[in-house]
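Student: A single structure is presented below for examination.
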Amino acid sequence: DLYTFIKFIGKGSYAEVFYAKHKLTGEEVAIKIIQFSKDPPSESEIKAVDKELDVLQIIGGGHTIMPLGQLDTNITNPNLTPTTQLNSVSPSCPYVIKYLESYRFSKQLWLVMEYCEFGSLELFLQSVHPTGAMCEFSAAALAKQLLLALIHLHSLNIIHRDFKTANILITGSGVIKVSDYGLSEINK
Numbered sequence: 001d002l003y004t005f006i007k008f009i010g011k012g013s014y015a016e017v018f019y020a021k022h023k024l025t026g027e028e029v030a031i032k033i034i035q036f037s038k039d040p041p042s043e044s045e046i047k048a049v050d051k052e053l054d055v056l057q058i059i060g061g062g063h064t065i066m067p068l069g070q071l072d073t074n075i076t077n078p079n080l081t082p083t084t085q086l087n088s089v090s091p092s093c094p095y096v097i098k099y100l101e102s103y104r105f106s107k108q109l110w111l112v113m114e115y116c117e118f119g120s121l122e123l124f125l126q127s128v129h130p131t132g133a134m135c136e137f138s139a140a141a142l143a144k145q146l147l148l149a150l151i152h153l154h155s156l157n158i159i160h161r162d163f164k165t166a167n168i169l170i171t172g173s174g175v176i177k178v179s180d181y182g183l184s185e186i187n188k
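Counted the way this note's numbering counts, the sequence shown spans residues 1 to 188.
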């Protein structure tokens, strides 16, 4: 009961995303809800989600995201597993989505992240630029932000592997944010 869900934003292969507001602070967030087939999740589900959670821990954010295989069983509410505060955060990049916290319910994992008002670059281009044409200045600014995001991710040894307009979000101030790390790999 920490968030009020306002509207459905979209659906991906493994999750649905909702626009919500924190009940106490009023902070606007996006919540990605990953649905598991059973409780507890299968080994393959844990492995797939742990990979994304590992990337989220590396790119930083406001909280540590606890991998499913390491959930704290000594909690008072067995249906909710809160995250814990992160003491040291990796240097962040303004062009990478900021993950705030996560919660695990019996058959769901919620990833709470910053909300990007203009949605995906894919939808933005369809609505604002229906011909697909952008002015040179806008295209250059977009390319610069995307390249800086990729440079940041690669400096952390993260390979995104699903870089497409649907996974690039835009804030109300026009800043792009690379999101969705479900297919990412950490190059060790």
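Every residue gets a Cβ at the ideal spot worked out from N, C-alpha and C, and that includes glycine.
Could you tell me which residues DSSP puts in a beta bridge with Lys-21?
Tutor: Counted from its first residue, the sequence shown places residue 21 at position 21. Partner(s): Thr-4, Glu-28.
Student: Who are the Cβ neighbours of Lys-47 in its own chain at under 6 Å, not counting the five residues just before and after it?
Tutor: Working through the sequence shown from its first residue, we reach residue 47 at position 47. Same-chain partners within the cutoff: there are none.
Student: Identify the continuous beta strand (DSSP E) that holds Val-175 and give its terminal residues.
Tutor: Locating residue 175 in the sequence shown gives position 175, where the first residue counts as 1. Counting along the chain, no beta strand (DSSP E) covers Val-175, and no H or E run does either.
Student: In the DSSP assignment, find the unbroken beta strand (DSSP E) run with Leu-169 in it and report its ends.
Tutor: Here residue 169 corresponds to residue number 169 of the sequence shown, with the count starting at 1. 168–170 is the span of the beta strand (DSSP E), which, as asked, contains Leu-169.
Student: Check Ser-102 in the structure and name its three-state DSSP category.
Tutor: Translated into positions along the sequence shown, residue 102 becomes position 102. Of the three classes helix, strand and coil, the one that applies to Ser-102 here is strand, per DSSP.
Student: Tell me whether the region 152–160 and the region 105–118 touch, counting them as touching only if at least three CB pairs, one residue from each stretch, are closer than 8 Å.
Tutor: In the pairwise beta carbon analysis, the region 152–160 is classified as not touching the region 105–118: fewer than three pairs are separated by under 8 Å.
Student: Can you tell which of Ile-31, Tyr-3, His-22 has its C-alpha closest to the C-alpha of Tyr-99?
Tutor: For the purposes of this step, residue 99 is taken as residue 99 along the sequence shown, with counting starting at 1. Answer by Cα proximity: Ile-31.
Student: Kindly confirm or deny that the region 109–121 and the region 162–169 touch, where touching means at least three C-beta pairs closer than 8 Å.
Tutor: Segments in contact, yes.
Student: Can you tell me whether Val-128 is buried or exposed, with buried defined as 16 or more other CB within 10 angstroms of its CB?
Tutor: Residue mapping note: residue 128 aligns to position 128 of the sequence shown, counting from 1. The residue in question, Val-128, is exposed, as its Cβ has fewer than 16 Cβ neighbours within 10 Å.
Student: Where does Leu-142 sit, in a helix, a strand or coil, going by DSSP?
Tutor: To locate residue 142, count along the sequence shown from 1; it is residue 142. Helix, per DSSP.
Student: In the DSSP assignment, find the beta strand (DSSP E) that holds Ile-112 and state where it starts and stops.
Tutor: Taking the sequence shown and counting its residues from 1, one reaches residue 112 at position 112. For the record, residue 112 in the displayed sequence is Val; it is not Ile. Looking at the DSSP string, the run of the beta strand (DSSP E) that includes Val-112 is 108–114.
Student: May I ask you to list the residues that DSSP assigns as paired with Ala-15?
Tutor: Walking along the sequence shown from the start, residue 15 turns up at place 15. Per DSSP, Ile-34.
Student: Could you check where the alpha helix (DSSP H) with Ala-133 kicks off and where it finishes?
Tutor: Taking the sequence shown and counting its residues from 1, the one referred to as residue 133 is at position 133. No alpha helix (DSSP H) holds Ala-133; DSSP gives it neither H nor E.
Student: Do you know how far the Cα of Val-178 is from the Cα of Ile-151?
Tutor: Numbered from 1 along the sequence shown, position 151 holds the residue referred to as residue 151. Numbered from 1 along the sequence shown, position 178 holds the residue referred to as residue 178. Roughly 12 Å separates the two Cα atoms.
Student: From which residue to which residue does the alpha helix (DSSP H) around Asp-39 run?
Tutor: Within the sequence shown, the letter at position 39 stands for residue 39. Where Asp-39 is concerned, there is no enclosing alpha helix (DSSP H), given that its DSSP letter is neither H nor E.
Student: Is the Cβ-Cβ distance between Tyr-14 and Gly-182 less than 8 Å?
Tutor: What you label residue 14 is simply residue 14 of the sequence shown in a count that begins at 1. What you label residue 182 is simply residue 182 of the sequence shown in a count that begins at 1. For Tyr-14 and Gly-182, yes; Cβs fall inside 8 Å.
Student: Please name the residue or residues paired with Val-96 in a DSSP beta bridge.
Tutor: Within the sequence shown, numbered from 1, the residue matching residue 96 stands at position 96. For Val-96, which the question treats as bridged, DSSP gives the partners Val-178.
Student: What's the call for Pro-41, buried or exposed, on a 16-neighbour Cβ count within 10 Å?
Tutor: The sequence position of residue 41 within the sequence shown is 41, counting from 1. Buried is the call here.
Student: Using the three-state DSSP reduction, which class does Glu-185 fall into: helix, strand or coil?
Tutor: The count along the sequence shown starts at 1 and reaches residue 185 at position 185. Note: Glu-185 maps to strand in three-state DSSP.
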